[in-house]
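Top line first, the protein sequences correspond to chains A and B.
Read in order, the letters of the first sequence correspond to residues 30 to 371 in the numbering used here.
Read in order, the letters of the second sequence correspond to residues 338 to 673 in the numbering used here.
Cβ atoms here follow ideal geometry from the backbone N, Cα and C, with glycine treated the same way.
Note that the coordinates shown come from a computational prediction; the quantities given were computed from them, not determined experimentally.
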Amino acid sequence: MSGVVWDNWQKNTDGRATVQFNRDELLGAYRRMKVIREFEERLHEEIKTGEIAGFTHLYAGQEAVAVGICDQLTVEDMIVSTHRGHGHCIAKGCDVKGMMKEIFGRAGGLCKGRGGSMHIADLDVGMLGANGIVGGGAPQAVGAAIAARIDGKGRVGIAFSGDGACNQGTTFEAMNLAVVIKAPAIFVFENNHYSEHTGDAYAVGTSKDIASRAEGFGMKAWRANGCDFFETYTAFSELLEYVRAGNGPAAIELDTERYYGHFEGDPQRYRGKGEIDRIRAERDCLKAFRAKVVGAALLTDDDLDKVDAEVIAQIEEAVVEARADELPDPATVADDVYVEYY
Amino acid sequence: MAIMNIREAIVSTLHAEMERDSDIILLGEDVVGGNGTAGGPEAIGGIWGTSPGLWEKFGPERVIDTPISESAIIGAAAGAALAGKRPVAELMFADFVGVSLDQIWNQMAKFRYMFGGKTRCPAVVRLVYGAGMSTAAQHSQSVYAMLTAMPGLKVVLPTTPADAKGLLTEALRGDDPVMYFEHKTLYGVKGEVPEGEYRQRFGEARVVREGGDVTVIACGRMVNFSEKAADKLAADGIGMDLLDLRTTSPLDEDAILESVEQTGRLVVVDETPPRCSLAADICAMVAQRAFTSLKAPPQMVTAPHSPIPFARNLERAWVPSPQKVEEAVRRVLAFR
Ligand SMILES: Cc1ncc(C[n+]2csc(CCOP(=O)(O)OP(=O)(O)O)c2C)c(N)n1
Ligand SMILES: [Mg+2]
């Protein structure tokens with residue numbers, strides 16, 4: 030992202046980068062996180078009407094990860110996402126209205142209503158696709174990294190994976206391959222502590238630390254508080270500089286929270302008493318951001334309230350337009366299977 | 338007879354069989370649910386509700402919650418079966434055979450043959466399949482034809498609660514790997530289920546209707562769609578022989594041929610794209626073995642040659658419908 034300056038992190042005594050943001054960057058980061066939050070909270074309501082079909086996995090609670098990372102990428106960097114992909118899409122620059130239409134199953138959706146919530150992609154902004162197959166994405170990020178290296182423009186390939194996906198063999202294979210060929214691949218592990226109804230304390234063996242697995246494969250790994258935009262951003266800025274410099278792959282584990290059920294409709298009986306209230310009170314990335322920037326007198330509450338109001342209106346408009354959009358033409362059901370078929 | 342739905346039939350059969358045979362184990366993602374959480378192992382019993390109470394009753398050595406690792410789930414089932422157990426491995430969505438196919442196809446299916454008939458691999462893989470819930474391209478597929486094509490596997494698809502019990506019991510008593518398909522839209526289908534021990538032999542199609550004018554072959558949800566078409570056609574005096582295959586490997590060729598020899602007209606309904614499908618397989622078998630009985634070209638009612646779309650109206654256009662079955666029947670009857 031242009032205009033961001035950071036000291037050479039290797040020279041810092043604590044080994045951490047210090048990143049300075051200007052006013053526009055702060056407002057932009059807050060806006061993108063808020064767009065994700067509002068998008069998801071609105072979907073949570075809209076799904077109750079029964080109008081939205083299929084599985085919807087909401088990203089609310091994890092916004093600081095997507096934005097803290099994607100704000101540092103160029104449109105040419107490539108990400109692969111997961112079933113919980115709305116946040117990655119928005120942060121990488123997918124058209125919000127096109128996404129909403131897609132989720133509503135409309136013709137004007139980013140994928141013409143064929144993919145839905147789990148399969149949003151927009152190659153034009155370097156978003157190589159959400160993925161319904163847990164663990165499906167990581168090898169593809171290595172492929173993107175191979176392509177990036179050949180092109181020689183310093184681009185990277187990034188795989189977002191959950192604490193559940195980190196247990197899939199495909200993820201292990203992808204990490205090892207990336208290390209073997211020293212690809213500019215980045216493995217982002219969003220540990221929201223659940224894979225569906227199972228806790229990371231059960232399903233992620235050994236130390237329960239996913240980053241240490243990446244280290245075990247021989248790559249450098251970072252750890253950060255994924256509910257804090259600045260911590261995520263700073264850690265990732267170090268990582269990104271390291272990978273862009275041609276040092277091979279790297280990984281980062283972000284400790285984060287998911288606010289809603291695994292999918293909409295999940296009764297969440299696995300949660301502790303008051304757990305959601307607690308994480309919303311103590312680990313909310315939007316609240317933390319506001320407290321920091323207002324506390325440091327970089328922005329005012331009014332600045333942020335104005336963004337909130339604009340975002341709410343933006344999402345309202347997206348929903349109204351999605352609802353008004355046409356359904357896909359059933360006659361097109363078998364189109365787009367091939368580029369050419371002869 | 339007890340009245341229950343398919344889900345309940347599966348759950349009660351698993352309870353009964355696990356009680357009867359301590360070699361039966363169950364493994365899969367969230368088959369217990371809640372492990373490693375504040376809520377604790379709660380025997381939520383799978384996202385489809387097909388294993389509640391099993392963990393409480395049989396404990397964590399026999400009811401195993403796994404990480405998201407389908408290759409390891411199916412591979413562990415294959416190994417446990419070789420080691421003398423009777424594993425039931427659950428794939429939350431049949432589409433995840435993609436992740437685990439080697440363990441099914443190159444391992445389980447081939448052990449017995451490769452090892453000169455010396456081994457048994459009595460594993461049951463439960464696969465939740467089918468379109469109808471807008472779960473899109475990677476969570477809706479009916480992959481039974483692909484597995485039917487693999488020698489060494491048996492493939493079963495219950496459509497009624499009685500068959501859910503009978504076929505699962507048979508799978509658990511047999512010594513070969515069985516792919517047990519559960520259609521995600523059929524779990525709530527209710528019906529009578531025989532009490533006590535009840536086994537349904539594989540390779541015996543169920544005669545759903547006897548009408549005499551046309552033979553319709555279907556399995557899974559397509560049986561229900563064909564019944565709807567049969568009701569419509571009956572109003573016009575057209576009688577349908579409707580066979581629910583129950584198992585696609587082994588295939589009840591005799592029942593199919595017997596009906597076609599009487600009607601001379603065949604429609605096969607299949608919830609997959611047409612190429613190398615079950616429908617194509619059955620049409621070829623009939624063309625080869627009952628050519629002289631045929632009075633019209635056999636008709637296949639299938640999905641188009643495309644993945645499964647998300648939007649509700651597109652998905653409806655993709656899946657064969659009662660109306661498409663009805664039209665196909667009218668087409669074969671109109672042929673002179
Ligand atoms: C191969 C495969 N196995 C299982 C599933 C079902 N499933 C979808 S999401 C999910 C949990 C994923 O957990 P995690 O990677 O932590 O991501 P999160 O949902 O927490 O974002 C599971 C088991 C799937 N979609 N694909
Ligand atoms: Mg998770």
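Between B:Gln537 and B:Leu504, the C-beta gap is smaller than 8 Å, which places the two residues in contact. For A:Arg242, the shortest separation between its Cβ and any heavy atom of ligand 1 does not lie below 7 Å.
Contact annotation, B:Leu364 with B:Tyr481: C-beta distance approximately 22 Å; criterion of less than 8 Å not satisfied. With contacts defined as CB atoms closer than 8 Å, B:Glu407 and B:Ser437 qualify as a contacting pair. Beta-bridge pairing by DSSP links A:Phe189 to A:Val217. Shortest Cα-Cα distance from B:Ala346 to any of B:Tyr535, B:Trp442, B:Val545 involves B:Tyr535. With a threshold of 16 other beta carbon atoms within 10 Å, B:Leu484 meets it and is buried. Nearest C-alpha to B:Lys521 among B:Gly386, B:Ala339, B:Ile361: B:Gly386. For B:Glu379, the chain A residues whose C-beta falls within less than 9 Å of its own C-beta are His226, Arg298, Tyr299, listed in chain order. Annotation for B:Phe518: the continuous beta strand (DSSP E) segment containing it runs 515 to 520.
Within the region 201 to 219 of chain A, no residue has a Cβ lying closer than 7 Å to any Cβ of chain B. The beta carbon of B:Phe647 falls within 8 Å of a beta carbon belonging to chain A, placing the residue at that interface. If you check each beta-carbon in the region 350 to 364 of chain A against every beta-carbon of chain B, the ones closer than 7 Å belong to Leu356, Pro357, Pro359, Val362, Ala363. Between B:Leu651 and chain A, the shortest Cβ-Cβ separation is below 8 Å.
Here A:Thr85 carries a coil assignment [DSSP, helix/strand/coil]. Sequence-distant Cβ neighbours of B:Gly371 in its own chain, meaning closer than 7 Å and more than five residues away, are Gly377, Pro378, Glu379, Ile381. For A:Glu355 and A:Asp238, the gap between their C-alpha atoms comes out near 47 Å. According to the DSSP secondary-structure assignment, B:Ser477 is paired through a beta bridge with no residue. A check of alpha carbon separations from B:Phe672 across B:Arg583, B:Gly601, B:Pro459, B:Asp402 identifies B:Gly601 as the nearest. B:Tyr466 is bridged by DSSP to B:His520. With the rule of 3 Cβ pairs closer than 8 Å, the region 491 to 498 of chain B counts as touching the region 576 to 595 of chain B. The chain-ordered list of residues whose CB is nearer than 6 Å to some heavy atom of ligand 2 reads A:Gly191, A:Asp192, A:Gly193, A:Asn221, A:Tyr223, A:Ser224.
Counting along the chain, A:Thr103 sits inside no alpha helix (DSSP H), nor does DSSP assign it H or E at all. The CB of B:Ile384 comes closer than 8 Å to the CB of Glu225, His226 in chain A, given here in chain order. Three or more pairs of CB atoms, one per stretch, sit closer than 8 Å, so the region 464 to 474 of chain B contacts the region 76 to 95 of chain A. Not a single C-beta of chain B is nearer than 8 Å to the C-beta of A:His73. When C-beta distances to chain B are compared with 7 Å, the residues of the region 129 to 146 of chain A below that value are Gly134, Gly142, Arg143, Gly144, Gly145, in chain order. Apart from sequence neighbours up to five positions away, the residues of its chain that approach A:Leu55 with a beta-carbon distance below 7 Å are Val322, Leu327, Leu328, ordered along the chain. Scanning the region 234 to 295 of chain A for uninterrupted alpha helix (DSSP H) segments of 4 residues or longer gives 239 to 245, 258 to 273, listed from N- to C-terminal end.
Sorting A:Gln169, A:Glu311, A:Lys182 by C-alpha distance to the C-alpha of A:Glu202 places A:Gln169 at the top.
Under the 8 Å criterion on CB atoms, B:Thr600 is classed as non-interfacial with respect to chain A. Within the region 63 to 93 of chain A, those residues whose Cβ lies closer than 7 Å to any Cβ of chain B are, in chain order, Ala82, Gly83, Phe84. Non-local C-beta neighbours of B:Ala592 in its own chain, meaning closer than 8 Å and more than five positions away in sequence, comprise Glu541, Ala542, Val544, Leu580, ordered along the chain.
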